[in-house]
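Counting from 475, one number per residue, gives the positions in the sequence shown under this note's numbering.
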Amino acid sequence: MIIQAFSAFFATFFFSIIFNISKKELIYCGLGGAIGWSIYLYVLHKTQSPVMASFCGAFIVGIFSRIMSKIRKVPVTIFLVSGIIPLVPGAGMYRTMFAIVDNDLSKAATHGILTLQIAGVIAMAMVMVSSFPHHSHSNVNK
């Protein structure tokens, strides 16, 4: 799990460079990807459900992104978009397309449905976290 977390860190770190993220934020972006992937692996081990694991990983990445955006005073999307990179079901999309090309429509449907479920729960987790109220101490009446 530690090797996979390091791999997720570096994958997220280097994708963040491609996204032109500020050099000051690259480490935190990588950390978000590593945390999200670690949560994914833990939940997958406990539940054997890649859909639930993806939801939990994306939810934690969303919370991490909100916290880091407040601390670092940058937009949430800097950490959120880069943090979900390890969770995106790219292998599922590949398997779906490969099965279609191979004319195995049953396997294509199975992989396609799972891929859509994972993509859907990632989006749902991001929407849930973004719907949390923003707490700001500057808005408190004295």
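Glycine included, every Cβ here is placed at the ideal spot set by N, Cα and C.
Quiz item: Which whole-angstrom value describes the C-beta separation of Gly-510 and Leu-561, a residue pair presumed to lie in contact below a C-beta threshold of 8 Å?
Solution: 6 Å
Exercise. Give the single residue among Phe-480, Ser-490, Ile-501 and Phe-533 whose Cα lies nearest to the Cα of Val-601.
Key: Phe-533
Quiz item: Rounded C-beta distance between Ser-512 and Met-475? I'm assuming under 8 Å.
Solution: 7 Å
Practice problem: Please determine, among Leu-515, Ile-592, Phe-538 and Phe-606, the residue with the shortest C-alpha to C-alpha distance to Ala-479. | Solution: Leu-515
Practice problem: Can you give me the start and stop residues for the alpha helix (DSSP H) that Ser-523 sits inside? | Solution: Unbroken run through Ser-523: none, as it is neither H nor E.
Practice problem: Can you grab the Cα-Cα spacing for the pair Met-598 / Ile-491, in whole Å? | Solution: 26 Å
Exercise. Rank Asp-576, Gly-566 and Gly-557 by C-alpha distance to the C-alpha of Ala-508 and give the top, closest one.
Key: Gly-557
Quiz item: From which residue to which residue does the alpha helix (DSSP H) around Ile-574 run?
Solution: 564–575
Quiz item: Is the beta carbon of Ser-539 sitting closer than 8 Å to the one on Val-550?
Solution: yes
Quiz prompt | Simplified DSSP state of Lys-616, which is helix, strand or coil | solution = With a pLDDT of 46 at Lys-616, under the threshold of 50, the predicted position of this residue should be treated as unreliable, and no value is reported.
Quiz prompt | Cβ-Cβ separation, Gly-536 to Val-603 (assumed contact under 8 Å), whole Å | solution = 3 Å
Quiz item: Where does Leu-554 land, buried or exposed, given buried means 16+ other C-beta within 10 angstroms?
Solution: buried
Self-check item: Contacts around His-585, its chain only, beta-carbon distance under 8 Å, and the 5 residues preceding and following it disregarded
Solution: Gly-566, Arg-569, Thr-570 and Ala-573
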